[in-house]
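Read through the structure below, which is laid out as structure tokens, and then see the notes.
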Amino acid sequence: MRSRPGPRLVKVRPLFPESFFVFDMNKASLAAQFEKVFGRSPEFVTRAPGRIEFIGNHTDYNGGTVLGASIDRGVAVALARRTDGQRNFHSRYSGKTVTLPVGAPAKQSGDASWTNYPLGVLAALPHFGLKTPEGFDYLAESDLPAGAGLSSSAAIELASALAFLGATGQSPDRETVVKVGKHAENHFVGVPCGILDQGVSGFGKSGRLVFIDCAGPRFDTVPMPAGASFWIFNTHTKHALVDGLYAARHRECMSAAQALGVKLLVEVSPEKLRASEAGLDPVAFKRARHVVEEIARVDACVKALQSGDLAAVGKLLTASHRSSQHLFENSTPELDFLVDTLVAAPGVFGSRLTGGGFGGAVMALAGPSFDAAQAEKVAQAYAAKYGARPDVLPMNVGEGAAVL
Ligand code: GLA
242 MRSRPGPRLV KVRPLFPESF FVFDMNKASL AAQFEKVFGR SPEFVTRAPG RIEFIGNHTD
302 YNGGTVLGAS IDRGVAVALA RRTDGQRNFH SRYSGKTVTL PVGAPAKQSG DASWTNYPLG
362 VLAALPHFGL KTPEGFDYLA ESDLPAGAGL SSSAAIELAS ALAFLGATGQ SPDRETVVKV
422 GKHAENHFVG VPCGILDQGV SGFGKSGRLV FIDCAGPRFD TVPMPAGASF WIFNTHTKHA
482 LVDGLYAARH RECMSAAQAL GVKLLVEVSP EKLRASEAGL DPVAFKRARH VVEEIARVDA
542 CVKALQSGDL AAVGKLLTAS HRSSQHLFEN STPELDFLVD TLVAAPGVFG SRLTGGGFGG
602 AVMALAGPSF DAAQAEKVAQ AYAAKYGARP DVLPMNVGEG AAVL
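What follows is the structure, encoded as structure tokens:
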């Protein structure tokens, strides 16, 4: 195997860094907070969850399938209209208000960079034939664990979209709201992501996983078998070049597809890929193999979930991680260590990195015999090796984006 350069890890700067378990996200407390900041009541309060990528790593923008879970934590937005042409954005984390005039503002930077998510949504709405509100007061807050790769960006995009749609009396279907969020991320924020994060945040259902056939896209849900729980282990590390590396993998996949004579890698069967290996650049082959086999794993996983075979589901999850580790090369030694330790722990069905990779968090699917004490042992083993404790976060599957 080709050796890869050692990862340069930096401290993560998430959207709402100190928000874990700090804020009370119910409607009344959000309204009270809004009142404190803006001196009046909000007209609309919305909420959208973060997500766990269950399986289907980097399959979405390749037109493949993916399974995700919406969690019971997310971003809430409160909004009231103004008539003076002023747009005020307040984040409870920063404690500051960013004031912008109605219009098409440029991308913001520094302390105001979090506003690029709602601004991206405002810029996206007209592309779907939807109106944007004029002036408003806007407040966002989050109870998502910090920097765990649980997609606070999709959550703020969808919560913002629902608030802006409420303020303009529009109610497009859920798929359109999801696409508005993705458009904001692709064209304003500038990340060439697929539809996984926004799709899961938009279509989440308690007790179920969201299945997305990204080529359509087509959204569905699959019940989570009883007796399984999710755990997230957040390393708080991220490769310094994470956005660039994500975009690089995107490019590598597109050029592998081109070399294989298709538009997207979903069109390549595992057999066709094997037959084409000799003619492909070795790196392109590895990236394509990850994607093609991962799509097959998602389909196998849906079947295993439907028959309640959690052991088979777990094996597929761990196989997905191994593929990330060796073929897509979007893992890190820290994530590999956690996966190795978790799969050796009693009661763990499987474990893998979740999300884009290059740092962040791993998830584990476990049965009842894996409890907080077992999780603590894993955290301690990690701390002994890397000198810092990962956050251990038991996760519940919650409902998708909604107006509260
Ligand atoms: C990030 C992106 C998603 C998806 C995953 C990898 O979370 O936002 O669209 O590509 O990475 O599967």
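Our numbering puts the sequence shown at residues 242 to 645.
Ideal Cβ placement from N, Cα and C applies to all residues, glycine included.
Please give me, in chain order, every unbroken run of the alpha helix (DSSP H) with length at least 4 that falls completely inside the segment 526 to 598.
551 to 564, 574 to 584
Just curious, the beta strand (DSSP E) that P367 is in, first and last residue?
Within the sequence shown, residue 367 is the residue found at index 126, counting from 1. Element bounds for P367: n/a, residue is neither H nor E.
Would the beta-carbon of L399 fall within 8 Å of that of G422?
The residue labelled residue 399 in the question sits at position 158 within the sequence shown. The residue labelled residue 422 in the question sits at position 181 within the sequence shown. Yes; because the gap between Cβ atoms is below 8 Å, this pair is in contact.
Taking the alpha-carbon of K268 as reference, which of F285, K277, V278 has the nearest alpha-carbon?
Within the sequence shown, numbered from 1, the residue matching residue 268 stands at position 27. Closest option to K268, Cα to Cα, is F285.
Among F569, G555, R415, V619, whose alpha-carbon lies nearest the alpha-carbon of A488?
In the sequence shown, counting from the first residue as 1, residue 488 sits at position 247. Nearest C-alpha to A488: F569.
Beta-carbon separation of F279 and A321 under 8 Å?
Working through the sequence shown from its first residue, we reach residue 279 at position 38. Working through the sequence shown from its first residue, we reach residue 321 at position 80. Taking 8 Å as the Cβ cut-off, F279 and A321 qualify as a contacting pair.
Pair within 8 Å by beta-carbon distance, V419 and G440:
Taking the first residue of the sequence shown as position 1, residue 419 is located at position 178. Taking the first residue of the sequence shown as position 1, residue 440 is located at position 199. Cβ distance < 8 Å, so V419 and G440 count as in contact.
Reference S592, options L558, D540, Q274, closest by Cα:
On the sequence shown, position 351 is the one that residue 592 refers to. Here the closest residue by C-alpha is L558.
Do you know offhand how far V503's Cα is from L514's?
By 1-based counting over the sequence shown, the position of residue 503 is 262. By 1-based counting over the sequence shown, the position of residue 514 is 273. Cα-Cα distance, rounded: 11 Å.
Buried versus exposed, by CB contacts within 10 Å (16 or more), G315:
The residue given as residue 315 occupies position 74 in the sequence shown. The residue is buried, with at least 16 neighbouring Cβ atoms inside 10 Å.
For K277, which of helix, strand or coil comes out of DSSP?
Taking the sequence shown and counting its residues from 1, one reaches residue 277 at position 36. Here K277 sits in helix by DSSP.
I'd like to know whether the C-beta atoms of S394 and E426 end up nearer to each other than 8 Å.
Sequence index remark: in the sequence shown, residue 394 carries index 153 (1-based). Sequence index remark: in the sequence shown, residue 426 carries index 185 (1-based). Yes, these two residues count as a Cβ contact at 8 Å.
Could you tell me which uninterrupted beta strand (DSSP E) segments, each at least 3 residues in length, are contained entirely in the segment 452 to 479, listed from first to last along the chain?
459 to 464
Y358: CB within 7 Å of a non-hydrogen atom of ligand 1
Locating residue 358 in the sequence shown gives position 117, where the first residue counts as 1. Answer for Y358: no, Cβ out of range of ligand 1.
Going straight from the alpha carbon of H531 to that of R490, what length do you get?
Working through the sequence shown from its first residue, we reach residue 531 at position 290. Working through the sequence shown from its first residue, we reach residue 490 at position 249. C-alpha separation (whole angstroms): 11 Å.
Three-state secondary structure (DSSP) at V263?
Your numbering for residue 263 matches position 22 in the sequence shown. At V263, the pLDDT of 40 sits below 50, so the modelled position is not reliable; the number obtained from the coordinates is stated separately. V263: coil per DSSP, three-state reduction.
Span of the beta strand (DSSP E) around Q327:
Position 86 of the sequence shown, counted from the first residue, corresponds to residue 327. Its beta strand (DSSP E) spans residues 327 to 332.
For H480 and A643, the rounded distance between their alpha carbons
Looking up residue 643 in the sequence shown gives position 402. Looking up residue 480 in the sequence shown gives position 239. Roughly 33 Å separates the two Cα atoms.
Sequence-distant residues of the same chain with beta carbon closer than 6 Å to K372, five excluded per side:
Start at 1 with the first residue of the sequence shown, and residue 372 comes out as number 131. So the list reads T409, once near-sequence residues are dropped.
Alpha carbon to alpha carbon, what distance is there between D325 and L486?
Position 245 of the sequence shown, counted from the start, is the residue given in the question as residue 486. Position 84 of the sequence shown, counted from the start, is the residue given in the question as residue 325. Rounded to the nearest angstrom, the two C-alpha atoms are 43 Å apart.
Given Q240, which residues of its chain have a CB within under 6 Å of its CB, disregarding the five upstream and five downstream residues?
Within the shown structure, residues of the chain are numbered from 242 to 645, placing residue 240 beyond reach of any answer.
Is there at least one non-hydrogen atom of ligand 1 closer than 7 Å to the beta-carbon of E534?
Walking along the sequence shown from the start, residue 534 turns up at place 293. It does not: the Cβ of E534 is nowhere closer than 7 Å to a heavy atom of ligand 1.
For I312, three-class secondary structure by DSSP
As a position in the sequence shown, residue 312 is number 71, starting the count at 1. Reduced to three states, the DSSP call for I312 is strand.
Buried or exposed for S401, going by 16 or more other Cβ atoms inside 10 Å?
Taking the first residue of the sequence shown as 1, we reach residue 401 at position 160. Buried, because 16 or more other Cβ atoms sit within 10 Å of the Cβ of S401.
Can you tell me which of P433, S561, K556 puts its alpha carbon nearest to the alpha carbon of A585?
Numbered from 1 along the sequence shown, position 344 holds the residue referred to as residue 585. Nearest option by C-alpha distance: K556.
Spatial neighbours of L505 in its chain, beta-carbon cut-off 6 Å, leaving aside the 5 residues before and after
If you number the sequence shown from 1, residue 505 lands on position 264. Closer than 6 Å at Cβ, skipping near neighbours: N303, G304, A498.
Start-end ranges of the alpha helix (DSSP H) lying completely within the segment 398 to 433, minimum 4 residues:
415 to 424
Does the separation of the CB atoms of A364 and G291 fall below 8 Å?
As a first step, residue 364 is located in the sequence shown; it is residue number 123 there, counting from the start. As a first step, residue 291 is located in the sequence shown; it is residue number 50 there, counting from the start. Cβ distance not < 8 Å, so A364 and G291 don't count as in contact.
Mind checking who R288 pairs with in its DSSP beta bridge?
Locating residue 288 in the sequence shown gives position 47, where the first residue counts as 1. For R288, which the question treats as bridged, DSSP gives the partners A317, A643.
T476 vs P631 beta-carbon contact at 8 Å:
Position 235 of the sequence shown holds residue 476. Position 390 of the sequence shown holds residue 631. Contact flag set, yes.
Using a threshold of 7 Å, is the CB atom of N427 nearer than that to any non-hydrogen atom of ligand 1?
Looking up residue 427 in the sequence shown gives position 186. For ligand 1, not one heavy atom lies less than 7 Å from the Cβ of N427.
Here's the rule I'm using: 16 or more other beta-carbon atoms within 10 Å means buried, otherwise exposed. How should S564 be labelled?
Indexing the sequence shown from 1 puts residue 564 at position 323. Looking at its Cβ environment, which holds 16 or more other Cβ atoms inside 10 Å, S564 is buried.
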